[in-house]
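Oh and the sequence shown: position 173 is 173 in UniProt numbering, straight run, nothing missing.
A virtual CB, placed ideally from N, CA and C, is assigned to each residue, including glycine.
Note that the structure is predicted; figures quoted are calculated from it, not measured.
Report on one structure; see the data block that follows.
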Amino acid sequence: MRVTHSLLHAEDLAQLVEREYAVAAPVKVSLLNRGFNDTYLVTDVEGGRRVLRVYNREKYWIRSESDLRFELDLLEHLAAAGLGVIRPYQRTGGDRLGRLTAPEGERCFALFTYAPGAPLYDGTLTARQWRELGSGIARMHLEMDAFQTRHDRYHLDERILVERPLASLAPYARSDQAAADLVELGKLGEQLAGEIQRLRAIGGAYGIIHADLHRGNINIDGEGRFVTFDFDHCGFGLRAYDLVSAYRGPDSPQEERERWAAVLAGYQQVRPLSQDEVASFPVLAACRAMWDVGDWLGATDRNGNAWVTEAVIAKLLADVRKAEPGDT
1 MRVTHSLLHA EDLAQLVERE YAVAAPVKVS LLNRGFNDTY LVTDVEGGRR
51 VLRVYNREKY WIRSESDLRF ELDLLEHLAA AGLGVIRPYQ RTGGDRLGRL
101 TAPEGERCFA LFTYAPGAPL YDGTLTARQW RELGSGIARM HLEMDAFQTR
151 HDRYHLDERI LVERPLASLA PYARSDQAAA DLVELGKLGE QLAGEIQRLR
201 AIGGAYGIIH ADLHRGNINI DGEGRFVTFD FDHCGFGLRA YDLVSAYRGP
251 DSPQEERERW AAVLAGYQQV RPLSQDEVAS FPVLAACRAM WDVGDWLGAT
301 DRNGNAWVTE AVIAKLLADV RKAEPGDT
């Protein structure tokens, strides 16, 4: 019987880490989470912590090992520049990317430094800290401009952000209402695609981005330093898209709008956006909503599809309807 996705035994992975990396043995490995990859906490005999990622196979944005090496090269570049990001470890064989044999076939793995602190959603930040977060994202984008590698990566264009999610939703429009919602989503999607193309033409608006920069992928330590991780979705896209997870529209509570204003102000202080980019956040928020549903639809072979209901389609339509440029 064929296997789509296996969960590897923690003790076997501990032996793998001891064999592949210069760590103080024995090590203990425990599962942190399963998602688009399997992520494990690695604790060495001296108490040092690291994170092991075993990459899932057949992800729509990963075409070959070159894409994975792009991510690792980017992290090495950003860490060497002094930015607060996790850093990949070299294997004793000299390569940062390893391969292991699983029941479903070969899978790649990499070991990363541990991101200290707590996720942003666990704490309350001051306005100054939110501005510092925005400034840090801007500095990351500036440093990404200087990044060079022989490897390539995918583009978060209208195909990934709009067209693919809509096509993936089509089989789930099982009622007249859901079908009508999907038709309207298609028409709105055409408008979003046009906006993406227009924004890409703005000088400096497009480049390497993290692409999934929500508060669960950024930690803050006890000294107020931010550490960004999970660059698994990184690629080429609209720079403003990296800010959209923090964006809050005019109908949001005042506290959330003030938080968003602080993040945007911090970013603008380091790397100013054009007026068109600032006005694009409602559109990019709609694209983010589209992408998020499409992203999880791409993992139904591992995580199931029971969550894809008519209510999900209706909620997505309501979110996308908010995409009126100029609301920021």
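CA-to-CA distance, residue j to residue i, given in whole angstroms
| i | j | result |
| --- | --- | --- |
| Ala318 | Glu255 | 23 Å |
| Ala80 | Met140 | 12 Å |
| Glu223 | Gln129 | 11 Å |
| Val3 | Thr39 | 19 Å |
| Ala170 | Ala178 | 9 Å |
| Leu156 | Gly294 | 12 Å |
| Arg49 | Thr228 | 16 Å |
| Pro250 | Leu68 | 39 Å |
| Ala311 | Val162 | 19 Å |
| Ala299 | Ala306 | 12 Å |
| Val17 | Leu185 | 47 Å |
N-terminal and C-terminal residue of the alpha helix (DSSP H) that residue i is part of
| i | result |
| --- | --- |
| Phe281 | Phe281 to Leu297 |
| Ile196 | Asp176 to Arg200 |
| His77 | Glu65 to Ala80 |
Local Cβ density within 10 Å of residue i, reported as buried at 16 or more and exposed below that
| i | result |
| --- | --- |
| Gln148 | exposed |
| Asn37 | buried |
| Gln197 | exposed |
| His210 | buried |
| His9 | exposed |
| Glu71 | buried |
| Asp301 | exposed |
| residue 357 | Residue numbering for the chain in the displayed model covers 1 to 328; residue 357 lies beyond these limits and cannot be assessed. |
| Arg150 | exposed |
| Glu195 | buried |
| Leu7 | exposed |
Per DSSP, cross-strand counterpart(s) of residue i
| i | result |
| --- | --- |
| Leu111 | Leu52 |
| Asn219 | Pro119 and Val227 |
| Ser245 | None; Ser245 has no bridge partner. |
| Tyr40 | Leu31 and Leu52 |
| His155 | Phe236 |
| Pro253 | In the DSSP output, where bridge partners are listed per residue, Pro253 has none listed. |
| Val85 | Thr228 |
| Glu106 | Thr101 |
| Gly207 | Gly237 |
Residue of the options minimising C-alpha distance to residue i
| i | options | result |
| --- | --- | --- |
| Met144 | Ala201, Leu74 and Val162 | Leu74 |
| Arg96 | Trp307, Phe109, Val227 and Glu104 | Phe109 |
| Asp12 | Leu213, Cys287 and Val42 | Val42 |
| Phe226 | Ser30, Ser135 and Asp157 | Ser135 |
| Asn217 | Glu104, Asp44, Ala115 and Tyr89 | Ala115 |
| Trp296 | Ser30, Lys59, Leu31 and Arg107 | Lys59 |
| Arg53 | Ala167, Pro88 and Leu188 | Pro88 |
Delimiting residues of the beta strand (DSSP E) encompassing residue i
| i | result |
| --- | --- |
| Ala22 | Note, Ala22: premise wrong, no beta strand (DSSP E); not H, not E. |
| Lys315 | Where Lys315 is concerned, there is no enclosing beta strand (DSSP E), although the alpha helix (DSSP H) it sits in stretches over Glu310 to Arg321. |
| Arg99 | Gly98 to Ala102 |
| Ile137 | From DSSP, Ile137 is part of no beta strand (DSSP E) but of the alpha helix (DSSP H) over Ala127 to Asp145. |
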